[in-house]
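K.L.:
Residue numbers for the sequence shown follow our numbering, beginning at 16 and rising by one. Every residue, glycine too, gets a C-beta built ideally from N, C-alpha and C. The structure presented is a predicted model; accordingly, all values stated were derived computationally and were not measured. Below are the C-alpha cells for one structure; questions will follow.
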Amino acid sequence: MMTTDTLAQISAIGPYFKVSSGSRPDAADFSPLIDLQGEQRALEASVTAMGRRLGTDQQRVAASTLHIGTAARLWSVALAATALTGEVPDLAPERLWWRATASGPIDLWLPEMPAVFRGHDLPDALYEGIVVRHLLPLDEAIRRHFGLSPKVLQGNVTSALMGAVRTLTRRAPHAPYPPLPLATALLEREPLASAGTLTLDPLEYRRHNCCLYYRVSDTGYCDECVLHCKRRAPRGAERVNSTTT
C-alpha cells in the first residue's frame with residue numbers, strides 16, 4: 016500500500032503530480048473518475064466546461080484537450096510512484112476522484128490510500144492500471160460521443176506519458192527506478208506503439224497525429240506534433256499536457 020509520505024513526495028514534483036488523500040471538507044465537489052468513462056452527461060459537461068475555458072466552441076478540440084490533460088495526470092502520478100518506490104499504485108477509476116479547476120490541471124483525490132499491483136512486472140502493471148482500466152474506456156467514450164479519431168487519442172496518451180517522463184527526469188533525476196526505461200517498454204505495446212516514434216539519443220518523441228489544440232486562437236503546434244514546424248511558434252503554457260511547471 017502507498018503511504019502518505021510517498022504521496023507527499025509525488026505531489027512535490029509539480030502540479031500534474033499532485034494528489035490528495037484522506038478526508039477533506041470539500042469532498043462533495045469531487046466525482047469518481049469512472050464517471051467520465053460511463054456517464055455521458057458527466058463527460059459532456061466536462062467537455063463543455065473545457066471549451067469555455069479554452070474559448071472555443073469546437074467540441075472535438077475541447078474533448079481532446081480534456082483527454083490529454085486527464086492522461087497526463089494519470090501517467091504523472093502512476094509513473095512517479097513507480098519511479099520512486101518500485102511499486103505501481105492501483106489507481107482504480109472508481110477509487111480515484113477528480114474535479115475540474117478554473118486553470119491548470121484537474122484536481123485528484125484518493126479518499127483511501129491505494130494498494131499496489133502484485134505479481135506484475137512494472138510496465139505490465141502500469142499498462143494494466145492506466146491504459147486498460149482508465150484510458151481505453153475513456154477513449155471509447157470520447158470516440159462515441161465526440162467522434163475523435165483513435166489515432167488522435169492514442170497520440171494524446173503517448174504524448175502525456177512522455178511529458179511525465181521529461182518532468183521526472185528533470186525533477187527526480189535520482190529516482191531508484193528511472194522513468195524512461197518504463198516508458199520505453201510501454202511504447203513498445205499496442206496501441207501505443209503505433210502512435211509515434213521515440214528517439215533516445217537525443218531524447219525526442221514525435222507523434223504521428225495532432226491533438227487539435229492548434230485550432231485554439233493564438234496557439235501554435237506542440238513540439239512533438241506531426242504538424243510541427245520550427246518556423247511556427249510553439250504552443251503556449253496553457254497546453255494541458257505540458258505537465259510540468
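(1) Per DSSP, T212 is paired with what?
(2) Would you mind giving the Cβ-Cβ distance between L89 and I145, rounded to the nearest angstrom? I have them listed as a contact below 8 angstroms.
(3) My parser needs the alpha helix (DSSP H) runs of 4 or more residues fully inside the segment 94-144; what are they?
(4) Name the one or two DSSP bridge partners that P47 has.
(5) Is DSSP giving S36 helix, strand or coil here?
(6) Using 8 angstroms for Cβ pairs, my map puts L197 next to L150. What's the rounded Cβ distance?
(7) Would DSSP call R204 helix, strand or coil?
(8) How many Å lie between P108 and D139 at the Cα?
(9) So is D154 buried or exposed if we call it buried at 16+ other beta carbons inside 10 Å?
(10) Less than 8 angstroms separating the beta-carbons of V172 and C225?
(11) Give the straight-line distance between the Cα atoms of T116 and L81, rounded to the nearest whole angstrom.
(12) Just verifying my parser: in three-state terms, what is the DSSP assignment at G162?
P.N.:
Reading it off the structure:
(1) R221
(2) The pair is a contact, with the Cβ atoms about 5 angstroms apart (cut-off 8 angstroms).
(3) 137-141
(4) W112
(5) Of the three classes helix, strand and coil, the one that applies to S36 here is strand, per DSSP.
(6) Incorrect: roughly 16 angstroms between the Cβ atoms, too far for contact.
(7) coil
(8) 18 angstroms
(9) buried
(10) no
(11) 12 angstroms
(12) In the structure shown, G162 sits in coil (DSSP, three-state: anything other than H, G, I, E or B).
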